[in-house]
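Taking it in order: structure first as structure tokens, then the write-up.
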Amino acid sequence: MSKAVTSTKKNTEQTETKDQIRVMICMGTGGMSAGAGDVYDAFNKELAQRNVSAKIGPRSCNIKRTGCRGLCAMDVLVDIEIPGFGLHTYKHVKAEMVPDIVDQHILELQPVQKWLTGEDYHKFHDKQQRMVMAECGIVDPESFDDYIAEGGYTALVKALAMEPEEIIDEVKKSGIRGRGGAGFPTGMKWGFCRATPGDLKYIILNADEGDPGAFMDRSLLEGNPHGVLEGLIIGAYAIGCSHGYFYCRAEYPLALKRLEIAIKEANEHGYLGENILGSGFKFQAAIKEGAGAFVCGEETALMASIEGQRGMPRPRPPFPAHQGLWKKPSNINNVETFANIPLIINKGGDWYASIGTEKSKGTKVFALTGRIKNTGLIEVPMGITLKEIVYDICGGVPGRNREFKAAQMGGPSGGCIPTQLIDVPIDYDSLMEAGAIMGSGGVVVMDNTACMVDMARFFLTFTQQESCGKCVTCRIGTKTMLEILTRITEGDGKEGDVELLISLADDIKGSSLCGLGQTAPNPVLSTIRYYRDEYDAHIKDKRCPANACKALLKFEVIDDLCKMCGICLRQCPVDAVIWKPKTKAVIVKDKCIKCQTCIDACPFLAIE
Amino acid sequence: MDTENNKECCKPEIALDLTAANKILDQYRGKPGALIPVLQKVQAHYLWLSQPLVEHIARELNIFLSEVSGVVTFYSQFYTAPRGKYTIQVCRGTACHVKGSLRILEQLAADLGVEPGEMTKDGKFTLEEVNCIGACGIAPVIVAGSKTFGSISVADALEAIRNFEEGA
């Protein structure tokens, strides 16, 4: 345990620098695309040019790259923390704003009020409980030392002093269920794999986050890769695995880069390798980059992919815990699950179990997107209601005359929660009852301009493309369902189509091998359940009530609703709108390219 | 048009320089699960996997050509047609869909004169749909080369691509 002692010593060394000024810049994918790279350079340049370190005395000023702190809608977010002066957060920071911030805030202690985040930012955080995401936005994801300074790897040190069975018991006690979607108890899964005899066992981290609309895992990997790695090492020790894989999508280049750095640094510091922290435990982890196949998120398909084959699922049993990767006992968990493990070890299973509901413990990270004011990443205790998430945390639905219609949860395997069920508590079982699933945590909010038939068609397009083709019902069934849905959205729906969809859905669900096929019809079934009237309007009246299905649109202004504001004229890319102040708009059909820009722009829903 | 492109770009490929491929193969030969990383690395160098390359890899790794072709065609990130210098990815994830990414895709396709999946005539771009790049907070998103453009409108997307230069 000699290494462990050095690491705590390092912690005390780091506390001496605690009175330094910290500038923390969000440099996740969201931040980067909003120009965080330029902002980072600008801070470095300004601090050097203005000779800031000389002016602020013995305290140093540390510019940190951090991961996503959740509120992508306000990127680039910059925190400035001056000891004794508190923490201030700037939103929408651009490089040209940096000189003023340095001059006024850092040198004169006069924060630039007009650029600071307001009430919205605080409301966004009030109802959240950030545990897994706590370090994202604070720790520098590309620095091992920084993670240690923030108290990282203490759980690993603690775990290595425990018996593996004790760890598994602690995880069982916590009640944590797999965060990948299905919600299988993690402790039990670990127990199965530990109990299987074998010298060589594998532990796999599933970061093949393929659900469109979900980016929790990406943000965790980008924001706190060491935290995830720590969970993986603890899992490996508890189960008795000597080899581990990170299976990460190639679409996440930044996450891959940061993981690679984390693994390299952990190796150098003795947290990975032959004799981890002097405990005699040996474990090695490697990255496997995905090659673009949604079905590889399914565990048996993922293992086939690591083996270098087509990523196609196989029947279970044998379960991976008995015969997984290269026919060896294997355990596979989601990124967020592993990220929770250090917390459970440090604070205990009982503490963890005290958060959440009776059957769903802990917190869950959700990615909130779509027609919502504060898009981004949130972490909330299980049992919170959808309404609190949508209105209190995320600020509701923006736009005049736009209102909440439904939230799609669980991506292509999930379903919709309609307005009338907005008070549903978020836990595995309540969501299932409502016809949606927890899934990996993607929540797409739709307003009254979203067509639910089109939504169902969108998801079927996805599952139909991603079906691996092994099971006939999934391969042909999803295609047939897609054809019917396409027909309906194009105005060629027939009487009896809805019944046919339901019957096909039953067959596909009942006779597909893996989760992809078994859940592919869910978005259709859920929209039929709550929005049957929209299906009927498409089929019988050849009308799209939300004015979203292009083929059913007339591109005409509804005179009664037009408030003569002229927005449609200004937005139209081809000048197909005739409008003068105080007259109603008219769309010239010969010129119109049917791009739907005017429909999106109209605040009064006056174009059909 | 596609086949014409193929032919044109295949000409220099006849004298395919396999040095880089062999270097990669040497690193992986005999290792379990080598096929996919080899294909990824080879493609990263050659930009796409031409038939001669696929055959070479199969021979060298001692795997049936049918099996290698099976893997190449299974994963969406292996390309069997020439690629433009830059790839434009239009994200078609749920959040982007709700925010109108289909319109961006259609307008870009029209502007560039290609269908999604195809390369422009000048070889500068390949236009591509991707399922989700996980940047839903800033939907709709397009990625051109290594640049990400978030919360982008149809007009801005057209503008960005017309003026696109890497590093600019």
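For the record, the sequence lines run as chains A and B. Each residue of the first sequence is one higher than the one before, starting from 103 at the first, in the working numbering. Each residue of the second sequence is one higher than the one before, starting from 19 at the first, in the working numbering. All C-beta atoms in this analysis are idealised placements derived from N, C-alpha and C, irrespective of residue type, glycine included.
Option nearest residue i by Cα separation, candidates the options
i                  : options                                       : result
Glu-311 of chain A : A:Ile-680, A:Asn-436 and A:Asp-609            : A:Asn-436
Lys-652 of chain A : A:Ser-614, A:Thr-588, A:Lys-686 and A:Leu-173 : A:Thr-588
Lys-581 of chain A : A:Arg-559, A:Asp-702, A:Ala-251 and A:Leu-533 : A:Arg-559
Arg-502 of chain A : A:Lys-461, A:Asn-550 and A:Phe-468            : A:Asn-550
Lys-147 of chain A : A:Asp-202, A:Gly-130 and A:Met-129            : A:Asp-202
Thr-168 of chain A : A:Leu-323, A:Ile-443, A:Gly-239 and A:Ala-639 : A:Gly-239
Met-534 of chain A : A:Pro-625, A:Asn-476 and A:Cys-670            : A:Pro-625
Ala-251 of chain A : A:Ala-175, A:His-328 and A:Asp-661            : A:His-328
Met-540 of chain A : A:Ile-519, A:Gly-372 and A:Met-548            : A:Ile-519
Gly-458 of chain A : A:Arg-279, A:Leu-627, A:Ala-509 and A:Cys-496 : A:Arg-279
Thr-465 of chain A : A:Val-482, A:Ala-388 and A:Lys-475            : A:Val-482
Ala-33 of chain B  : B:Leu-71, B:Ala-173, B:Asn-149 and B:Tyr-93   : B:Leu-71
Glu-183 of chain A : A:Gly-512, A:Met-176, A:Ala-175 and A:Arg-161 : A:Arg-161
Gly-172 of chain A : A:Ala-197, A:Val-195 and A:Met-129            : A:Met-129
Gly-186 of chain A : A:Asp-529, A:Leu-211, A:Ile-709 and A:Ile-701 : A:Leu-211
Ile-660 of chain A : A:Ile-701, A:Ala-338 and A:Ala-138            : A:Ile-701
His-227 of chain A : A:Val-492, A:Ala-388 and A:Leu-655            : A:Val-492
Lys-507 of chain A : A:Thr-563, A:Gly-544 and A:Met-554            : A:Met-554
Glu-237 of chain A : A:Ser-321, A:Gln-206 and A:Lys-682            : A:Ser-321
Per-residue contacts from residue i into chain B (C-beta, under 8 Å)
i                  : result
Pro-675 of chain A : Val-172 and Ala-173
Thr-477 of chain A : Ala-113, Cys-154, Gly-155, Ile-156 and Ala-157
Leu-510 of chain A : The sequence as given places Gln at residue 510 of chain A; Leu does not occur at that position. The answer, in chain order, is Thr-112.
Residue range of the alpha helix (DSSP H) that includes residue i
i                  : result
Gly-293 of chain A : 288 to 297
Leu-149 of chain A : 138 to 151
Arg-634 of chain A : 624 to 642
Phe-182 of chain B : Element bounds for Phe-182 of chain B: n/a, residue is neither H nor E.
Lys-665 of chain A : Element bounds for Lys-665 of chain A: n/a, residue is neither H nor E.
Ser-155 of chain A : 154 to 157
Asn-377 of chain A : Taken as a continuous stretch (DSSP letters only), Asn-377 of chain A belongs to no alpha helix (DSSP H), as it is neither H nor E.
Phe-564 of chain A : 554 to 568
Tyr-104 of chain B : From DSSP, Tyr-104 of chain B is part of no alpha helix (DSSP H) but of the beta strand (DSSP E) over 104 to 109.
Gly-478 of chain A : Per DSSP, Gly-478 of chain A belongs to no alpha helix (DSSP H); it is in the beta strand (DSSP E), 478 to 483.
Pro-100 of chain B : It is not in any alpha helix (DSSP H) - Pro-100 of chain B carries neither H nor E in the DSSP assignment.
Asn-40 of chain B  : 37 to 46
Endpoints, beta strand (DSSP E) assigned at residue i
i                  : result
Arg-124 of chain A : 123 to 128
Leu-307 of chain A : 304 to 309
Phe-226 of chain A : Note, Phe-226 of chain A: premise wrong, no beta strand (DSSP E); alpha helix (DSSP H) at 221 to 228.
Gln-510 of chain A : 506 to 511
Tyr-530 of chain A : Element bounds for Tyr-530 of chain A: not the beta strand (DSSP E) but the alpha helix (DSSP H), 530 to 535.
His-345 of chain A : 345 to 350
Chain-ordered chain A contacts of residue i [CB-CB under 8 Å]
i                  : result
Arg-121 of chain B : Cys-697, Gln-698 and Thr-699
Gly-118 of chain B : Gln-698 and Asp-702
Listed by chain order, chain B residues near residue i by CB distance under 7 Å
i                  : result
Ile-610 of chain A : Ordered by position in chain B, no residue passes the 7 Å Cβ test against Ile-610 of chain A, which lies about 20 Å from the chain.
Pro-354 of chain A : Just to set this straight, residue 354 of chain A is Tyr in the shown sequence, not Pro. By Cβ distance, chain B contributes Gly-152.
Cys-343 of chain A : Under the 7 Å cutoff, chain B gives no residues; its nearest Cβ is about 17 Å from Cys-343 of chain A.
Phe-226 of chain A : Result: empty, since nearest Cβ-Cβ is about 12 Å, beyond 7 Å.
Arg-320 of chain A : Gly-152
Amino acids of chain A, ordered along the chain, whose beta-carbon sits closer than 7 Å to that of residue i
i                  : result
His-115 of chain B : Phe-560
Ala-157 of chain B : Thr-471
Contact set between residue i and chain A, taken where Cβ atoms lie within less than 9 Å
i                  : result
Phe-167 of chain B : Ser-135
Val-148 of chain B : Glu-353 and Gly-394
Along the stretch 37 to 71 of chain B, what residues have a CB closer than 8 Å to any CB found in chain A? Residues are counted here when their Cβ sits less than 8 Å from a Cβ of chain A; for the stretch 37 to 71 of chain B these are Pro-50, Gly-51, Ala-52, Leu-53, Ile-54, Pro-55, Leu-57 and Gln-58, given in chain order.
Of the residues that make up the stretch 655 to 671 of chain A, which ones have a beta carbon closer than 7 Å to any beta carbon in chain D? Here the protein chains are A and B, and chain D is not one of them.
If we count Cβ pairs, one from each stretch, closer than 8 Å, do we get three or more for the stretch 361 to 369 of chain A versus the stretch 236 to 253 of chain A? The stretch 361 to 369 of chain A, when compared against the stretch 236 to 253 of chain A, does touch it at the 8 Å Cβ threshold.
Between the stretch 630 to 643 of chain A and the stretch 685 to 695 of chain A, do at least 3 Cβ pairs fall closer than 8 Å? By the Cβ test, the stretch 630 to 643 of chain A is not in contact with the stretch 685 to 695 of chain A, since fewer than three Cβ pairs between them sit closer than 8 Å.
What are the residues in the stretch 128 to 143 of chain A lying within 8 Å of chain B by C-beta distance? Per Cβ criterion, the list reads Thr-131, Gly-132, Met-134, Ser-135 and Ala-136.
Determine which residues of the stretch 546 to 574 of chain A have a Cβ less than 7 Å from any Cβ of chain B, and write them out in chain order. For the stretch 546 to 574 of chain A, the set of residues with a beta-carbon nearer than 7 Å to any beta-carbon of chain B comprises Val-546, Met-548, Ala-552, Phe-560 and Phe-564, in chain order.
Count Cβ pairs between the stretch 343 to 358 of chain A and the stretch 251 to 270 of chain A that sit closer than 8 Å; are there 3 or more? The answer is no - the stretch 251 to 270 of chain A does not touch the stretch 343 to 358 of chain A, with fewer than three Cβ pairs under 8 Å.
Report the residues of the stretch 185 to 214 of chain A with a CB closer than 7 Å to any CB of chain B, ordered along the chain. Shown here is that no member of the stretch 185 to 214 of chain A has a Cβ falling below 7 Å from a Cβ of chain B.
Using a Cβ-Cβ cut-off of less than 7 Å, list which residues of the stretch 82 to 108 of chain B approach chain A; keep chain order. For the stretch 82 to 108 of chain B, the set of positions with a beta-carbon nearer than 7 Å to some beta-carbon of chain A reads Gly-88, Val-89, Phe-92, Tyr-93, Ser-94, Gln-95 and Phe-96 in chain order.
Using Cβ-Cβ distances below 7 Å, what residues of the stretch 441 to 470 of chain A are close to chain B? Under the 7 Å Cβ criterion, the stretch 441 to 470 of chain A contributes Ala-469.
Is the stretch 434 to 449 of chain A close to the stretch 266 to 284 of chain A, with three or more CB pairs under 8 Å? Judged by Cβ distances under 8 Å, the stretch 434 to 449 of chain A makes contact with the stretch 266 to 284 of chain A, as three or more pairs qualify.
Where the stretch 368 to 396 of chain A meets chain B: residues whose CB sits under 7 Å from a CB there: Cβ contacts with chain B come from Glu-391, Ala-393, Gly-394, Ala-395 and Phe-396.
Tell me which residues of the stretch 153 to 174 of chain A have at least one Cβ-Cβ distance to chain B shorter than 9 Å, keeping chain order. For the stretch 153 to 174 of chain A, the set of positions with a beta-carbon nearer than 9 Å to some beta-carbon of chain B reads Cys-170, Gly-172, Leu-173 and Cys-174 in chain order.
Does the stretch 302 to 321 of chain A touch the stretch 394 to 403 of chain A, meaning 3 or more C-beta pairs lie closer than 8 Å? Judged by pairs of C-beta atoms under 8 Å, the stretch 394 to 403 of chain A touches the stretch 302 to 321 of chain A, as three or more such pairs exist.
Would you be able to state if there are at least three C-beta pairs under 8 Å between the stretch 291 to 305 of chain A and the stretch 418 to 434 of chain A? By the Cβ test, the stretch 418 to 434 of chain A is in contact with the stretch 291 to 305 of chain A, since at least three Cβ pairs between them sit closer than 8 Å.
Given 8 Å, three or more beta-carbon pairs between the stretch 112 to 129 of chain B and the stretch 72 to 88 of chain B: These segments do not touch.
How do the stretch 594 to 612 of chain A and the stretch 139 to 146 of chain B stand: do at least 3 beta-carbon pairs fall below 8 Å, yes or no? Put simply, the stretch 594 to 612 of chain A does not touch the stretch 139 to 146 of chain B. Fewer than three CB pairs are less than 8 Å apart.
Taking a Cβ distance cut-off of 9 Å, strictly less, list which residues of the stretch 398 to 421 of chain A are near chain B, in chain order. Only those residues of the stretch 398 to 421 of chain A whose C-beta falls short of 9 Å from the nearest C-beta of chain B are listed: Cys-398, Ser-407, Ile-408, Glu-409, Gly-410, Gln-411, Arg-412, Gly-413 and Met-414.
I want to know whether the stretch 617 to 636 of chain A touches the stretch 564 to 580 of chain A - three or more CB-CB distances under 8 Å. Contact check between the stretch 617 to 636 of chain A and the stretch 564 to 580 of chain A: three or more CB pairs, one atom from each, fall below 8 Å, which counts as touching.
Would you call the stretch 464 to 480 of chain A and the stretch 541 to 548 of chain A touching, i.e. three or more CB-CB distances under 8 Å? Verdict: yes, contact present.
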